[in-house]
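Residue numbers (my numbering), protein chains in the order written: chain V, 25 to 359; chain U, 25 to 359. For glycine and all other residues, C-beta sits at the position ideal for the given N, C-alpha and C.
2 protein chains.
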Amino acid sequence: MAKRLGGQTLAITDAVRVMASASVTGKREGEGPLKARFDLVSQDSYFGQDTWEKAEIFMLNRCFSLCLEKACGTVPDCILGGDLLNQCVSSSFAVKDSGIPYLGLYGACSTSAEALCMAALLIDGGGMNNVCTLTGSHFCTAERQYRFPLEYGSQRPPTSQWTVTGAGSVLLGRAGKGPLITHVTPGRIVDAEIMDANNMGAAMAPAAYDTISAHFRDTGRDLNYYDAVFTGDLGAVGHDILQELFRRDGIDMGVRYMDCGVLIYDLNTQDVHSGGSGCGCSASVLCGHILPAMEKGIWNKVLFAATGALMSPVTCQQGCSIPGICHAVTFENEV
Amino acid sequence: MAKRLGGQTLAITDAVRVMASASVTGKREGEGPLKARFDLVSQDSYFGQDTWEKAEIFMLNRCFSLCLEKACGTVPDCILGGDLLNQCVSSSFAVKDSGIPYLGLYGACSTSAEALCMAALLIDGGGMNNVCTLTGSHFCTAERQYRFPLEYGSQRPPTSQWTVTGAGSVLLGRAGKGPLITHVTPGRIVDAEIMDANNMGAAMAPAAYDTISAHFRDTGRDLNYYDAVFTGDLGAVGHDILQELFRRDGIDMGVRYMDCGVLIYDLNTQDVHSGGSGCGCSASVLCGHILPAMEKGIWNKVLFAATGALMSPVTCQQGCSIPGICHAVTFENEV
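Shown next, in the form of structure tokens:
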């Protein structure tokens with residue numbers, strides 16, 4: 025039975041833990057600083073398929089299969105999936121032949137953490153033993169859907185981010201010795217009235233600030249409780265804004281704060297401007313880098329706060345602002 | 025604590041009930057057979073806004089506000105919302121200023137039932153006291169997104185359905201005397217390899233058959249247990265296919281089986297071809313018609329099975345089939 029702490033955070037009272045996780049990425053991510061960490065790296069953007077959308081479906085399907093293989097074929101009671109394609113077709117098509125109940129989510133780039141929040145609550149609620157999350161994104165499908173066909177060769181401003189071609193899948197359950205999910209903090213929507221669709225970091229950082237602050241307030245913890253705090257895809261611009269927002273509260277986030285969008289690429293050499301984005305960013309870094317490091321004991325207490333920008337090309341064209349959202353999950357090793 | 029029954033169904037063991045519900049629709053729905061049932065009917069497709077997308081946001085916002093007003097201003101612990109617009113912007117924009125944690129869902133037209141499944145499980149899981157669901161769709165935004173600009177005046181085949189301009193919002197919690205949610209059956213994806221994007225009923229009916237059959241198998245109930253069984257938006261074509269699928273099992277669904285997409289319009293006079301669709305279809309009929317009838321005691325045991333077609337214009341253009349999904353919820357009065 026989950027226990028409510030304060031306004032937004034729920035404590036997971038059952039021992040809900042990571043039973044397995046898997047990550048799959050594209051070529052550029054496989055050339056970045058985390059290249060050795062991913063389970064599978066494609067040598068191109070097609071993954072052997074004839075369209076980018078089918079490549080994205082294939083990538084998610086492989087990631088899901090790899091995760092279940094690592095769990096020795098455990099069949100989850102339910103899949104929670106999401107992606108950035110219109111009508112969330114890549115996650116649903118990826119698992120359509122699995123025969124497992126499927127609940128689709130949409131939290132933009134925050135979907136990885138949204139899925140983990142829900143999965144932990146569903147298991148803790150008693151009705152499910154194992155729930156698998158699956159999220160991902162693809163640079164080429166996202167570009168043509170949200171911006172312009174890649175063939176145009178559009179210029180990108182320095183604040184823009186590079187949608188990660190990548191996927192992450194986590195199987196949560198009660199067995200094994202993996203990291204526990206001890207708390208979840210579902211986020212509120214925060215509208216900082218950012219209008220620039222090429223500056224997602226600025227749109228999402230206030231939501232990250234809101235959710236992480238709520239998490240600290242609800243749990244009575246502070247930054248020092250954690251060995252590491254990750255945001256999902258604020259990129260270099262949003263990473264700086266979030267630190268500035270906490271600095272106004274007298275809090276120096278220091279080196280224990282990192283952003284998945286900054287970690288996944290070499291920002292000096294990989295021509296990705298402000299860093300990585302997309303729901304595959306936080307998902308692949310979580311599954312390829314963060315959870316394996318926790319299993320090695322490098323970090324024992326981690327706050328994972330994935331961020332999303334709630335916009336569409338149509339809302340931007342109609343002059344709407346870009347609200348942000350952030351959902352946070354606490355992973356802790358039993359030590 | 026939810027209790028697993030069989031392969032897919034979960035019994036809700038806490039008394040999770042409908043505390044309030046509200047429905048808002050457009051003009052055509054307000055001229056149909058259920059016209060007197062909706063809380064608010066717009067006199068045009070704009071709801072006083074300058075674009076259809078903003079009209080959809082306004083409609084969802086009004087529906088959400090009306091639902092909370094009926095619950096005397098109860099503030100939910102969380103909102104579960106979804107819609108058909110790309111990036112689910114109408115539900116997120118509708119509640120962006122509420123200050124309430126928001127979890128976005130995407131289950132195509134099945135989102136209303138998906139949200140109810142999750143909301144009931146979140147409350148039963150102990151961490152939340154009240155959860156509000158919000159789903160809706162708009163004919164004009166859906167047409168231009170999925171098909172053609174309305175100005176083209178495209179011809180529609182007889183199997184096509186009319187996206188409902190409508191929204192429904194349900195506040196679930198533990199107080200009051202409203203109908204209980206006693207069981208939820210999250211659905212599996214079923215791909216019957218339908219390729220015709222103008223025949224959603226055929227694409228979704230096999231998923232409805234799969235989920236309703238699983239519900240009966242898991243619970244040991246049959247059709248006769250229920251006073252009424254509703255599918256979400258199979259329309260006339262899918263309604264006939266579902267009956268035929270059950271007939272092969274020797275089951276006559278009879279008059280207790282109804283489809284929200286058939287109920288919401290007069291199929292003979294309203295020029296909607298096979299009937300209503302869209303996640304506003306099942307949501308507005310549930311909140312305007314089904315739940316109020318349960319409160320009057322007309323039905324005491326209802327199975328509500330909303331159906332969704334998991335496709336996008338891109339998947340159709342790339343030659344993919346149209347898988348379906350269906351999630352089911354049992355509402356029961358204490359008698």
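Q. In chain U, what lies closer than 9 Å to alanine 26 of chain V by C-beta?
A. Leu146, Gly149, Gly150, Gly151 and Met152
Q.
Could you compute how far the alpha carbon of aspartate 121 of chain V sits from the alpha carbon of leucine 29 of chain U?
A. 23 Å
Q: Give a yes or no on whether 7 Å exceeds the smallest Cβ distance from arginine 41 of chain U to chain V.
A: It does not: the Cβ of arginine 41 of chain U has no partner Cβ on chain V nearer than 7 Å.
Q.
Against chain V, does glycine 256 of chain U count as a neighbour if the rule is that its beta carbon must be under 7 Å from one of theirs?
A. no
Q: Determine the extent of the beta strand (DSSP E) in which glutamate 356 of chain V is found, giving its start and end residues.
A: Counting along the chain, the beta strand (DSSP E) containing glutamate 356 of chain V begins and ends at 348-356.
(Q) How far does the alpha helix (DSSP H) with phenylalanine 270 of chain U in it extend, from its first residue to its last? (A) First-last of the alpha helix (DSSP H) with phenylalanine 270 of chain U: 259-272.
Q. Alpha carbon to alpha carbon, what distance is there between proline 203 of chain V and glutamate 356 of chain V?
A. 5 Å
Q) Nearest-angstrom Cα distance between alanine 329 of chain V and alanine 39 of chain V? A) Alanine 329 of chain V and alanine 39 of chain V: Cα-Cα distance of roughly 21 Å.
Q. To the nearest angstrom, how far is it from the Cα of leucine 334 of chain U to the Cα of arginine 168 of chain U?
A. 18 Å
Q: Please report how far the alpha carbon of isoleucine 81 of chain V lies from the alpha carbon of glycine 332 of chain U, in whole angstroms.
A: 19 Å
Q: Tell whether a beta-carbon distance below 7 Å holds between threonine 209 of chain V and alanine 238 of chain V.
A: yes
Q | Pairwise C-alpha distance: alanine 144 of chain U and leucine 196 of chain V | A | 20 Å
**Q.** Chain-ordered chain V contacts of methionine 219 of chain U [CB-CB under 7 Å]
**A.** Against chain V, the beta carbon of methionine 219 of chain U has no neighbour under 7 Å; the closest one sits roughly 14 Å away.
Q. In chain order, which alpha helix (DSSP H) runs of at least 4 residues are fully inside the region 106-169 of chain V?
A. For the alpha helix (DSSP H) assignment, the uninterrupted runs of no fewer than 4 residues enclosed by the region 106-169 of chain V are, from N- to C-terminal side, 113-118 and 135-148.
Q. Looking only at C-alpha atoms, which of U:Leu310, U:His313, U:Ala307 and U:Asp283 sits nearest to glycine 299 of chain U?
A. U:Asp283
Q.
Could you tell me the alpha carbon to alpha carbon distance between glycine 343 of chain U and glycine 285 of chain U, rounded to whole angstroms?
A. 27 Å
(Q) List, in chain order, every chain U residue whose beta-carbon is nearer than 9 Å to that of alanine 132 of chain V. (A) Gln111, Cys112, Ser116 and Gly128
Q.
At the 7 Å Cβ level, is isoleucine 236 of chain V part of the contact set with chain U, yes or no?
A. no
Q. Taking only beta-carbon atoms, is threonine 75 of chain V less than 7 Å away from chain U?
A. yes
Q: Take the Cβ of threonine 293 of chain V as the centre, count every other Cβ of all protein chains shown within 10 Å, and call the residue buried at 16 or more, exposed below.
A: Classification for threonine 293 of chain V: exposed.
Q | Near-chain V residues of the region 76-105 of chain U - C-beta to any C-beta below 8 Å | A | Glu77, Lys78, Asp101 and Cys102
Q. If you drop the 5 nearest sequence neighbours on each side, which residues of the same chain put their C-beta closer than 6 Å to that of proline 182 of chain U?
A. His297
(Q) Using the three-state DSSP reduction, which class does serine 306 of chain U fall into: helix, strand or coil? (A) helix
(Q) At 4 residues or longer, what runs of the alpha helix (DSSP H) sit wholly inside the region 84-109 of chain U? (A) Entirely contained in the region 84-109 of chain U, not one alpha helix (DSSP H) run reaches 4 residues.
Q) How would you label glutamate 77 of chain V, buried or exposed, when you count the other beta carbons within 10 angstroms and need 16 or more for buried? A) buried
Q) Helix, strand or coil for leucine 334 of chain V per DSSP? A) For leucine 334 of chain V, the three-state secondary structure derived from DSSP is coil.
Q) From the beta carbon of glutamate 167 of chain V, is the nearest beta carbon of chain U less than 7 Å away? A) no
(Q) Counting only Cβ-Cβ distances shorter than 8 Å, please list the residues of the region 335-347 of chain U near chain V, keeping chain order. (A) Here the close residues are Met335, Ser336, Pro337, Val338, Thr339, Gln342, Cys344 and Pro347.
(Q) Quick check on the burial criterion: 16 or more other C-beta atoms within 10 angstroms. Buried or exposed for serine 178 of chain V? (A) exposed
Q: Alpha carbon to alpha carbon, how far is glycine 225 of chain U from asparagine 110 of chain V? Give it in angstroms, no decimals.
A: 21 Å
Q. Roughly how many angstroms lie between the CA atoms of serine 161 of chain V and lysine 325 of chain V, to the nearest whole one?
A. 27 Å
**Q.** Reference isoleucine 288 of chain V; option with closest CA among V:Asn248, V:Gln185 and V:Ala26
**A.** V:Gln185
Q | Continuous beta strand (DSSP E) stretch holding histidine 207 of chain V: start and end | A | 204-209
Q) Would you call the region 210-222 of chain U and the region 243-262 of chain U in contact, with 3 or more CB pairs under 8 Å? A) no
**Q.** Where tryptophan 323 of chain V falls: helix, strand or coil (DSSP)
**A.** coil
Q. Secondary structure at glycine 278 of chain U, three-state DSSP: helix, strand or coil?
A. helix
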